[in-house]
Structures are given as C-alpha cells and as structure tokens.
Amino acid sequence: MVAQGGKSVYGASVGILMLDARFPRIPGDMGHALTWPFPVHYRIVRDASPDLVVRRGAEGMLNAFIDAARELVRDGVDGITTNCGFLSLFQEELAEAVPVPVVASSLMQVAMVNRVLPAGKRAGILTISASTLTQDHLSKAQVPDGTPIG
Numbered sequence: 001m002v003a004q005g006g007k008s009v010y011g012a013s014v015g016i017l018m019l020d021a022r023f024p025r026i027p028g029d030m031g032h033a034l035t036w037p038f039p040v041h042y043r044i045v046r047d048a049s050p051d052l053v054v055r056r057g058a059e060g061m062l063n064a065f066i067d068a069a070r071e072l073v074r075d076g077v078d079g080i081t082t083n084c085g086f087l088s089l090f091q092e093e094l095a096e097a098v099p100v101p102v103v104a105s106s107l108m109q110v111a112m113v114n115r116v117l118p119a120g121k122r123a124g125i126l127t128i129s130a131s132t133l134t135q136d137h138l139s140k141a142q143v144p145d146g147t148p149i150g
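Last residue of the sequence shown: number 150 in this note's numbering, and the count goes up by one each step with no gaps.
Here is the structure:
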C-alpha cells in the first residue's frame, strides 16, 4: 500500500455546515461530535443565525454558505450536509459550487422514506416553524405535494 497526500485532514469524510448558534448541543444533536460513530468536520457559518435562516429565508447568506462548503472541501471532506432543514433553499447552488455530494436539508429524505413505506403510508415533516417552511423550501428538496407538516 502506498500512502498519497492531497488533503489537509483525513478520517473525517463528512463535513457539516453549522448555523451560528449557542444553544446546548446534547448527544443526538448534529452539532455534538459524539453523536456520530465516525469523525466529522464542522464549519460554523458566521452570522447565519437560526432566526435569519428559519424566519428570513437566509437572505444574503448564500455566498457565506458556499465559501464555508469550499473550505470544508479544501480541508478534505468527501461530502457535506447542514444542520438546518431550511437550507434546502441552497441545495442547488451548494451542489454546483463544490465537487463533492451535498445534502443541504433533511427534507431531502422525505421522498426516499415514502418509497420504503408500505402502500398507503407517507412520511410527515416536524419543523420548528411550519409558518416559514415555504413551498420553495419543499420543492427544492423535492418533497411531494400533500406531505403533512406540523
């Protein structure tokens, strides 16, 4: 076996773009490193507060998320996700900006879960703010029409 270089960090294949928040991150939360059975690499997107992202559509933050995603790639990650489902708004732009797979929102799992459920069953969405989860968020994550939201 021959070892070859090319990355700054090895062994942390998953990069997580984090909102700039200070609430407690208990085990099970994406922002608690011991949640994962493998190493992850975090990048906090400064000034991307939960209020700005959830209630104001992350206005003006696209470039900051793209820059942070590019930093994760430069650090050596092989895939990127985020810790906020409302970032489905940036799925296409993030995926185009970096050469690794990007899953910007857990909302992207809804269609997959529906495919594995028994006939007549469907996934639903629990969200911190149903009133600000727009059709744009849902369509960018390819959430089927009529998905229950609460």
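Where is the CB? At the ideal position from N, CA and C, for every residue including glycine.
Buried/exposed call for residue i, threshold 16 Cβ in 10 Å
i      : result
Phe23  : exposed
Gln142 : exposed
Phe90  : buried
Phe43  : Note on residue identity: the sequence assigns Arg, not Phe, to residue 43. Buried is the call here.
Phe38  : exposed
Asn83  : buried
Leu34  : exposed
Thr134 : exposed
Arg98  : Note on identity: in this sequence residue 98 is Val, with Arg being the wrong assignment. The residue in question, Val98, is buried, as its Cβ has 16 or more Cβ neighbours within 10 Å.
Val45  : buried
Whole-angstrom C-beta distance between residue j and residue i, which should lie under 8 Å
i      : j      : result
Asp20  : Ser49  : 6 Å
Val53  : Leu87  : 7 Å
Ser106 : Gly85  : 5 Å
Asp75  : Val9   : 5 Å
Ile149 : Ala130 : 5 Å
Val77  : Val100 : 7 Å
Where the alpha helix (DSSP H) containing residue i begins and where it ends
i      : result
Leu126 : Segment: none, Leu126 is in no alpha helix (DSSP H) and carries neither H nor E.
Leu72  : Leu62 to Asp75
Val116 : Val110 to Val116
Leu94  : Gln91 to Ala97
Leu138 : Gln135 to Lys140
Where the beta strand (DSSP E) through residue i begins and ends
i      : result
Arg43  : Val40 to Ile44
Thr81  : Gly79 to Thr82
Gly156 : Only positions 1 to 150 of the chain appear in this structure, which leaves residue 156 out of reach.
C-alpha gap between residue i and residue j, whole angstroms
i      : j      : result
Ala111 : Pro144 : 7 Å
Asp136 : Gly5   : 41 Å
Glu58  : Arg115 : Just to set this straight, residue 58 is Ala in the shown sequence, not Glu. C-alpha separation (whole angstroms): 30 Å.
Leu117 : Arg55  : 32 Å
Gly124 : Met61  : 28 Å
Ile139 : Ala3   : First, the residue type needs correcting, since residue 139 is Ser and not Ile in the sequence shown. Computed Cα separation, rounded: 43 Å.
Ala69  : Asp51  : 21 Å
Leu17  : Glu71  : 10 Å
Val73  : Gly11  : 13 Å
Val40  : Arg122 : 31 Å
Glu92  : Leu126 : 23 Å
Val113 : Gly146 : 15 Å
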